[in-house]
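Protein sequence lines, in the order shown, are assigned to chains A and B.
Every letter in the first sequence is one number past the one before it in our numbering, and letter 78, counting from 1, is 78.
Throughout, our numbering is defined as the position within the second sequence, counted from one, plus 1000.
Number of protein chains: 2
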Amino acid sequence: MKISMYDAAVTTGIRMMTNLASVLEKAAQDAAARKIDPEVFVGARLAPDMFPLSRQVQIASDSVKLGAARLAGVTAPSWEDDEKTLPELVERARKTARYLETLRPEQFDGAEARAVRWKSRSAEREMQGLPYLLHQMLPNVHFHCTTTYDILRHNGVELGKMDYLGRDPPA
Amino acid sequence: MKISMYDAAVTTGIRMMTNLASVLEKAAQDAAARKIDPEVFVGARLAPDMFPLSRQVQIASDSVKLGAARLAGVTAPSWEDDEKTLPELVERARKTARYLETLRPEQFDGAEARAVRWKSRSAEREMQGLPYLLHQMLPNVHFHCTTTYDILRHNGVELGKMDYLGRDPPA
Chain A
1 MKISMYDAAV TTGIRMMTNL ASVLEKAAQD AAARKIDPEV FVGARLAPDM
51 FPLSRQVQIA SDSVKLGAAR LAGVTAPSWE DDEKTLPELV ERARKTARYL
101 ETLRPEQFDG AEARAVRWKS RSAEREMQGL PYLLHQMLPN VHFHCTTTYD
151 ILRHNGVELG KMDYLGRDPP A
Chain B
1001 MKISMYDAAV TTGIRMMTNL ASVLEKAAQD AAARKIDPEV FVGARLAPDM
1051 FPLSRQVQIA SDSVKLGAAR LAGVTAPSWE DDEKTLPELV ERARKTARYL
1101 ETLRPEQFDG AEARAVRWKS RSAEREMQGL PYLLHQMLPN VHFHCTTTYD
1151 ILRHNGVELG KMDYLGRDPP A
């Protein structure tokens, strides 16, 4: 009946960042094929008061990186949010996956009961590890990865849900 | 280091369906305030070859209902996909949450190693319970709930990420 916090946070995070990188690579190929300036995709939004694609990718990356680090009780590396091209955003997703690969299962011992504290835009927040994982970290990761996908689909990029879920069988 | 399959599948599913119902209720209020025919939202899409909002909600509901039932080793109820209004879609989300409330933690004993079999549109599929939960069920639920949210945001409904994540502290 039991699964590990490591599986749920790190294995999922690596898979989502790998799939996100592939989705962004497909967008770059699509831009080249349709002779569209790829920066149009980088700055595209679904509504004027929503973040553009670049920021969606950066927040997805931060949700994975900071979420896993907080659960492991370590400090995540700080990265500038300075990506301006699709290849730079692909690399952001890939380096997030590489960071997660440095975390070890034993760092997540007891993480379900660990107090996770962080500062949101509006307040100091604190949650226990398990609800933080299930109701904060994972929903945030999927929210921003799906919105990235939705922005690209809305702009005519040929993608399917299998690009989001990952075509290779999960490990 | 351990969390339960029940927590990850059922607690998450109930929370996502509850938040989805609230998002759809806000859409109905917005339609009334802006004097928009609410069926415009029900049929809205982000791309001509993507599903409309109604189908996104139905698939989100099925992902939760069927995912949890498969992991519990029981047969989920079958529902017609005949919702045509926002109140009907709200009720679809709420009855999905009510179904999950009938499942019991002990039904998920050993679910992480259980063989989950289902028929997708194109093939017979089989996955072990844990990767099914982490890489199939939960990503699917979030994918369709986020796309529902994105469709509404794209159509000018005033929503924020806290509507998606849930404003009440998680249990």
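Every residue, glycine too, gets a C-beta built ideally from N, C-alpha and C.
Buried versus exposed, by CB contacts within 10 Å (16 or more), residue i
i, result
"A1111 (chain B)", "buried"
"T1075 (chain B)", "exposed"
"G1129 (chain B)", "buried"
"P1131 (chain B)", "buried"
"D1037 (chain B)", "exposed"
"M162 (chain A)", "exposed"
"T1146 (chain B)", "buried"
"E1080 (chain B)", "exposed"
"E124 (chain A)", "exposed"
"D7 (chain A)", "buried"
"T148 (chain A)", "buried"
"A1093 (chain B)", "buried"
"A1032 (chain B)", "exposed"
"R1000 (chain B)", "Residue 1000 (chain B) lies beyond the residue range present for chain B, which begins at 1001 and ends at 1171; the question has no answer from this structure."
"S1122 (chain B)", "exposed"
"P1048 (chain B)", "exposed"
Residues bridged to residue i (per DSSP)
i, result
"V176 (chain A)", "Only positions 1 to 171 of chain A appear in this structure, which leaves residue 176 (chain A) out of reach."
"I1003 (chain B)", "A:I3"
Integer Cβ distance of residue i from residue j, believed to fall under 8 Å
i, j, result
"S4 (chain A)", "P105 (chain A)", "7 Å"
"T1235 (chain B)", "L71 (chain A)", "There is simply no residue 1235 (chain B) to check, as chain B begins at 1001 and stops at 1171 in what is shown."
"V64 (chain A)", "M17 (chain A)", "6 Å"
"I151 (chain A)", "L46 (chain A)", "6 Å"
"T1096 (chain B)", "S1061 (chain B)", "4 Å"
"H144 (chain A)", "H1142 (chain B)", "Actually they do not touch by this definition, with Cβ atoms about 10 Å apart."
"A1068 (chain B)", "L1100 (chain B)", "6 Å"
"R153 (chain A)", "M1050 (chain B)", "6 Å"
"L165 (chain A)", "Q1056 (chain B)", "Incorrect: roughly 16 Å between the Cβ atoms, too far for contact."
"G1073 (chain B)", "Q1107 (chain B)", "7 Å"
For this session: Kindly provide the ranges of any alpha helix (DSSP H) runs that are 4 or more residues long and lie completely inside the region 9–86 of chain A, ordered along the chain.
Result: Those alpha helix (DSSP H) runs which fall completely within the region 9–86 of chain A and span 4+ residues are 12–33, 38–42, 53–72.
For this session: Flag this pair as touching only if the region 1037–1051 of chain B and the region 1081–1096 of chain B have three or more C-beta atom pairs under 8 Å; answer yes or no.
Result: Yes, they touch.
Exercise. Hey, is the region 1112–1120 of chain B in contact with the region 157–167 of chain A, meaning 3+ C-beta pairs nearer than 8 Å?
Worked result: Because the criterion of three Cβ pairs below 8 Å is not met, the region 1112–1120 of chain B and the region 157–167 of chain A do not touch.
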